[in-house]
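Chains as they are written, first to last, in the working numbering: chain A, 1 to 99; chain B, 100 to 564. Right, one structure below, let's go through it.
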Ligand SMILES: Cc1cc2nc3c(=O)[nH]c(=O)nc-3n(C[C@H](O)[C@H](O)[C@H](O)COP(=O)(O)OP(=O)(O)OC[C@H]3O[C@@H](n4cnc5c(N)ncnc54)[C@H](O)[C@@H]3O)c2cc1C
Ligand code: FES
């Protein structure tokens, strides 16, 4: 994937996680939001109100725009560390909600 | 439940200093911070980034390592990754609830220091919710904590943090395409007379000039007096548009990093019902405190940028003053010694604060941010525009808390952190009322959303025992 970000310390131990079912390798222990951005994930979720795309805005746990689901539980990606086996899903927002 | 003498929330320069000194005076201290390591915003990840990153971030950043080592060598207990979400006053002291990876816990403390720092000021400009738009602080956090840097970025807004970030990105080999600044030469002119008042803070002032000199060395394109900032793009940021000298221009980029200075993070001080005052220079509410940092609630101290923006160099003496008074109140320090030791930190604090009127005048908040256009989104969570807030004002809605009833503004997960000040500004203008009379959102615990699973894991409070 093409990323808008560059990783200055790429020689790190990578571990497998899944994002919406696809497997990808991310640096172990890294900040999850930073790792996803560096990997090239541009959109993290759709908003519940309009389904508009969002991605991390503050990186300090204050804006809640980096919300993703980890094993089905909504979490702030910028406040989470990468671990092997994370099952990540992007909240799809209003337009895609079931029912 | 265990009762400690002091709980400090926030392990930035203010909180680390207060905790280390109070522990040194013999008090039992616990420090809670949601980050994985102590350091706060300015010294984020200072102990773990390695030397290459230290070269990029600069000498000021590395100085923070001394504070971190001091804290870790002290008897204060530092809880990592501890998100504080509830603080409840007890008959004596306070009960604090926080969550870590391992689950939620509680601690009781006789006294409380809030050192929760600053947040980026809300920057409601068209397109600010698009992916690819972040705060300048966020761009810097990526660099500090993760060694990740935006490859094709424009920095926009105003304030010294833009210069620092541009330099740090340049050293990292990814200079920004441009810095588009909203302040004009008129603002700089208006600030000039205040330089005299700022001379007491000459050390920091000189560092600022050094920063500008280094910035010139990197030959980054700089545009000042920019107005009508707007991020363009469908689905994500594709560029920044702005007007200068009556001409509209665009710069294509992948990332826009916005900044309009920082404001005190008052979530905890608000939720505790402390008195706040409107600070006209900072255009923000600040908790009311005495010379030691003690708030209007006995036993609760508020220090550092959370008590009014003054920077890291002011946060340290503020932490010292709070620790002196807390040690005195706890009977560990007599009055004469307290007063003798308070002289030096008080001087340093005053010197740093003397810089602020100059900076506030030189880098004012852009007019379009204080009074956003009707179509601009102000509440990111509930997707409410400035026009909607004005419409409610015309219908008789007087205060920020009433706007919540009209349209859920401020009721999303960020709890008004990135719309509260904007709504206050809009209502103050609509009704031609002072900001202090308009007030701000009432904040309620929990400070961060809590899952039912976390609640279920908590033991009932000791009150029941
Ligand atoms: C993103 C950002 C970047 C900045 N970068 C610089 C810089 O490079 N140079 C500079 O001079 N100034 C910088 N500043 C300004 C900065 O606020 C001060 O210089 C300095 O960090 C203030 O110190 P402090 O101790 O008051 O607060 P901070 O250093 O902000 O520390 C506050 C701490 O409180 C913690 N916290 C807050 N709420 C909770 C909670 N509910 N539960 C648990 N923990 C909590 C935070 O995690 C944080 O670690 C920056 C500000 C921001 C917002
Ligand atoms: S990016 Fe703002 S909360 Fe994570």
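Each residue gets a CB set at the ideal place from its N, CA and C atoms; glycine is no exception.
- Below the 7 Å Cβ cutoff, chain B contributes 550 as neighbours of residue 73/A, in chain order.
- In the DSSP assignment, no residue is bridged to residue 135/B.
- Chain B places a beta carbon closer than 7 Å to that of residue 57/A, counting this residue as a contact.
- Under the Cβ distance rule, residue 84/A does not count among the residues neighbouring chain B, no pair being separated by less than 7 Å.
- Nearest CB-CB separation between residue 42/A and chain B: below the 7 Å threshold.
- For residue 249/B, the nearest CB of chain A lies under 7 Å from its own CB, placing it at the interface with that chain.
- Cβ neighbours of residue 147/B within its own chain (closer than 7 Å, five residues either side excluded): 136.
- Pairing residue 66/A with residue 237/B gives a Cβ-Cβ distance that is not under 7 Å.
- Checking the 6 Å criterion, the Cβ of residue 104/B is out of range of every heavy atom belonging to ligand 2.
- Counting only runs of 4+ residues, the alpha helix (DSSP H) found wholly inside the region 253-333 of chain B occupies 259-270, 284-290, 294-297 and 301-316, in chain order.
- Residues of the region 477-494 of chain B with a C-beta atom less than 7 Å from some C-beta of chain A are 479, 480, 481 and 482, listed in chain order.
- Contact with chain A is found for residue 353/B, since one of that chain's Cβ atoms lies less than 7 Å from the residue's Cβ.
- Residue 457/B is not a Cβ neighbour of residue 285/B, given a cutoff of 7 Å.
- With a threshold of 16 other beta carbon atoms within 10 Å, residue 384/B meets it and is buried.
- When Cβ-Cβ separations below 7 Å define contact, residue 516/B makes contact with chain A.
- Interface with chain A (7 Å Cβ-Cβ cutoff): residue 113/B is excluded.
- For ligand 2, a non-hydrogen atom lies closer than 6 Å to the CB of residue 59/A.
- A straight line joining the alpha-carbon of residue 523/B with that of residue 499/B spans about 6 Å.
- Assignment of beta-bridge partners to residue 31/A by DSSP yields 81/A.
- By the rule that beta-carbons nearer than 7 Å mark a contact, residue 234/B touches chain A.
- Straight through space, the alpha carbons of residue 257/B and residue 461/B are spaced by roughly 9 Å.
- Between residue 130/B and residue 208/B, the CB-CB gap reaches or exceeds 7 Å.
- The beta carbon of residue 354/B sits closer than 6 Å to the beta carbons of 231, 249 and 252 from its chain, once the five residues preceding and following it are set aside; these are given in chain order.
- Around the CB of residue 177/B, 16 or more other CB atoms lie within 10 Å, so the residue is classed as buried.
- The count of Cβ pairs closer than 8 Å, one atom from the region 416-432 of chain B and one from the region 385-403 of chain B, reaches three, so the stretches are in contact.
- Counting along the chain, residue 458/B sits inside the alpha helix (DSSP H) bounded by residues 455-461.
- Straight through space, the alpha carbons of residue 352/B and residue 229/B are spaced by roughly 13 Å.
- According to the DSSP secondary-structure assignment, residue 476/B is paired through a beta bridge with 484/B.
- Contact check for residue 417/B against residue 106/B fails: the beta carbons are separated by 7 Å or more.
- Listed along chain B, the residues sitting closer than 8 Å to residue 37/A by beta-carbon distance are 241 and 247.
- In terms of Cβ geometry, residue 183/B and residue 400/B do not form a close pair [threshold 7 Å].
- Using a Cβ-Cβ cut-off of 7 Å, residue 445/B does not count as an interface residue toward chain A, since no Cβ of chain A sits closer than that to its own.
- Annotation: the continuous beta strand (DSSP E) that includes residue 341/B extends over 338-343.
- Placement of the Cβ of residue 182/B at a distance of less than 6 Å from at least one heavy atom of ligand 1 is found.
- With a threshold of 7 Å between beta carbons, residue 22/A makes no contact with chain B.
- Around residue 170/B, the same chain offers 110, 115, 118, 119, 130, 137 and 177 as residues with beta carbons nearer than 8 Å, after the five sequence neighbours per side are excluded.
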